[in-house]
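Keeping their order, the protein sequence lines are chains R and C. Under our numbering, the first residue of the first sequence is numbered 4, with each subsequent residue one higher. Under our numbering, the first residue of the second sequence is numbered 4, with each subsequent residue one higher. Heads up, the beta-carbon is just placed ideally off N, CA and C, and yes, glycines get one too. No experiment lies behind these values; they were computed from the predicted model shown. Notes follow once the structure below has been shown.
Number of protein chains: 2
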Amino acid sequence: MSSLSPTLGPAPIPGPGPKRQLFEQFADLARALGHAHRLELIEQLAQGERSVEALAGKIGQSVANTSQHLQQMRRAGLVATRRDGKRVIYRLADGPVLEAVAGLQKLAEANLAEVREVVGAYFAGKDSMEPIRREELAARLRTESVTLLDLRPEDEFVLGHLPGALNIPLDQLEARLADLPEGHEVIAYCRGPYCVLSFEAVALLRARGLPVRRLEDGFPEWRAAGMGVEVGQA
Amino acid sequence: MSSLSPTLGPAPIPGPGPKRQLFEQFADLARALGHAHRLELIEQLAQGERSVEALAGKIGQSVANTSQHLQQMRRAGLVATRRDGKRVIYRLADGPVLEAVAGLQKLAEANLAEVREVVGAYFAGKDSMEPIRREELAARLRTESVTLLDLRPEDEFVLGHLPGALNIPLDQLEARLADLPEGHEVIAYCRGPYCVLSFEAVALLRARGLPVRRLEDGFPEWRAAGMGVEVGQA
DNA sequence: TCTTCATTCAATAATTCATTTGAATAATAA
DNA sequence: TTATTATTCAAATGAATTATTGAATGAAGA
């Protein structure tokens, strides 16, 4: 027991104290992020707003279960809703939700061997797989011609995508290889830095000998950076 | 139900899939942050390494309970241990633990009215209470003379503090007002951006008419920024 | 060796969480 | 109005989490 006085001194605090209160709030938020389904819902909502049923389909859960998780996140202030006819449309809240999730993900990648393994399993040759950064991509889009490849399902692509991107959902990639213009480097992206679609696409295309790199993060980060978005056009 | 094919198409995924695996890992991390006691332990460990008993005293919990929470965080990779004689000394893990917590806190402040209220309750006059930033403080320390006031308990101060800081634990502040040199602005800091010690100190000193501002964050952030630390000297 | 001390483990009771089921609500269309 | 559809609510289940107690380690000193 080191020094008693500062700890047990004249400040044993009456109620919970503002300090405990703050920590409780922070902890509540962390718990709201503490379920795989909810993180997956956040990833989905980062692509664009969605109805409960659409989200349930996306994460492969029942509508009731999805609704409960969404409500839990709404209580925590992570998402917001509006009504559209008989649907309730959920969207990400205004605050830095994705930044907080990104903080978690960075920490996980730094500290958890398991995460590095899963991510590492998608790397072929460290050097050539170095992802391209947003700014670098933006610069190259102005001067060179590169093929921007969006691997997300069509319905997510329609909600918004990088300007000029070609949409080939991952599960159609092998069949539609011919759609990729030749002679350009391909830049693959999807939902975010840990979205596996682009990892798998890079692996597939590199196995075919095509020059391809991954964008370091995905569509939501691009949009959040205010770098221009194209909507619609299936 | 919007478009079926991309969702239910040829990729229903066999096992949990690497995606679900990653989300589970991220969620585990979030849950590890999802308890007020654990966040408080992280705040403590951000000041410096500590034994289980010392930490238990700091957060006002039993040793057994504290040990369990610490082990949970160790499993999640948030903290690490070393043995020192018959003690086990816990410390923060190397990764960006504090950044992840800061992400949570920013989100809470942006999205949760309750947090803004608690924080706001410590503000007197918005303008004059604007906290001072690390870089600005560093610059002023080089040219002007300001009084750096560290409000943490002595034992935390001893583990490390800003160079030249004066340590007056909050509960002694009223009695030791005379120790503050006159004529200089006072910059108050403590454990981090949401540590209430400096908020309360600012309120108290301003009530006495003293020129005082809060450092925007605390000692751990200063140290993490590599801005120079002084150790020892009670 | 035996004792002491710091920490961890094991067992527990109380609480909270995740999921399913079926009913209730709210908006729309017939 | 009635029927339909999307979402939410309520109740119930099993699983996981938290805190408490007392016993079990494991290192240090007598």
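Residue contact with chain R for Y192 of chain C: absent (no Cβ-Cβ distance below 9 Å to any residue of chain R).
Rounded to whole angstroms, L48 of chain C and T146 of chain R show a C-alpha spacing of 49 Å. Around the beta carbon of N68 of chain C, fewer than 16 other beta carbons sit within 10 angstroms, so the residue counts as exposed.
Against chain R, the CB of E138 of chain C has no partner CB under 9 Å away; the residue lies outside that interface.
Short of 6 Å from the beta carbon of P196 of chain R, and not among the five residues preceding or following it, lie these beta carbons of its own chain, in chain order: D220. Remark: C-beta atoms of R194 of chain R and P172 of chain R do not approach each other more closely than 9 Å. Of the candidates R:L140, R:A35, R:L58, R:G63, the residue whose Cα lies closest to the Cα of A228 of chain R is R:L140. When secondary structure is reduced to three states using DSSP, R211 of chain R falls in the coil class, being assigned neither helix nor strand. Bridge pairing for E233 of chain C: C:H164 [DSSP]. By the Cβ-count criterion, L44 of chain C is buried, with 16 or more other Cβ atoms from all chains shown falling within 10 Å of its own Cβ. Using beta-carbon distances, V122 of chain R counts as an interface residue toward chain C, with a partner under 9 Å.
The C-alpha of D31 of chain R is placed about 6 Å away from the C-alpha of G37 of chain C. For I92 of chain R, no alpha helix (DSSP H) segment is defined; the enclosing uninterrupted segment is the beta strand (DSSP E) at 90-95. Per DSSP, L115 of chain C has no beta bridge partner at all.
In this structure, the beta-carbon distance from R85 of chain R to G51 of chain R does not fall below 9 Å.
Looking at the backbone, the Cα of L200 of chain C and that of P99 of chain R are separated by about 26 Å. DSSP, read as helix, strand or coil, puts S65 of chain R in coil. Contacts between E27 of chain R and chain C, judged by CB atoms closer than 7 Å, involve A39 in chain order. Out of R:F222, R:C198, R:A191, R:V149, the CA that lies nearest to the CA of L207 of chain R is found in R:A191. Closest in C-alpha terms to S148 of chain C, from the list C:G167, C:A103, C:A39, C:A57, comes C:G167. The C-beta separation of L169 of chain C from T150 of chain C comes to about 6 Å, placing the pair in contact by the 8 Å criterion. By the C-beta density criterion, G123 of chain C is exposed, having fewer than 16 other C-beta atoms within 10 angstroms. Annotation: Cβ neighbours of L32 of chain R in chain C (cutoff 7 Å, chain order): L107, L110, A111. Within the model, the alpha-carbon separation for E120 of chain R versus V189 of chain R is close to 25 Å. Here A39 of chain C is near F29 of chain R, since their CB atoms are less than 9 Å apart. Chain R has a Cβ within less than 9 Å of the Cβ of Y197 of chain C.
In the structure shown, D87 of chain C adopts extended strand secondary structure according to DSSP, grouped into three states. Annotation: A103 of chain R to L42 of chain C spans about 15 Å, alpha carbon to alpha carbon. Non-local beta-carbon contacts of A79 of chain C in its own chain, meaning distances under 7 Å to residues more than five positions away in sequence, involve D31, L32, A35 in chain order. Here DSSP, grouped into helix, strand and coil, assigns V189 of chain R to strand. CA-CA distance, K89 of chain C to A142 of chain R, rounds to 58 Å. R53 of chain R has R:Y93 as its beta-bridge partners, per DSSP.
Taking V66 of chain R as the centre and dropping the five residues before and after it, the same chain places the C-beta of V55, E56, A59 closer than 8 Å to its C-beta, in chain order. The beta carbon of G163 of chain R does not come within 9 Å of any beta carbon belonging to chain C, so the residue lies off that interface.
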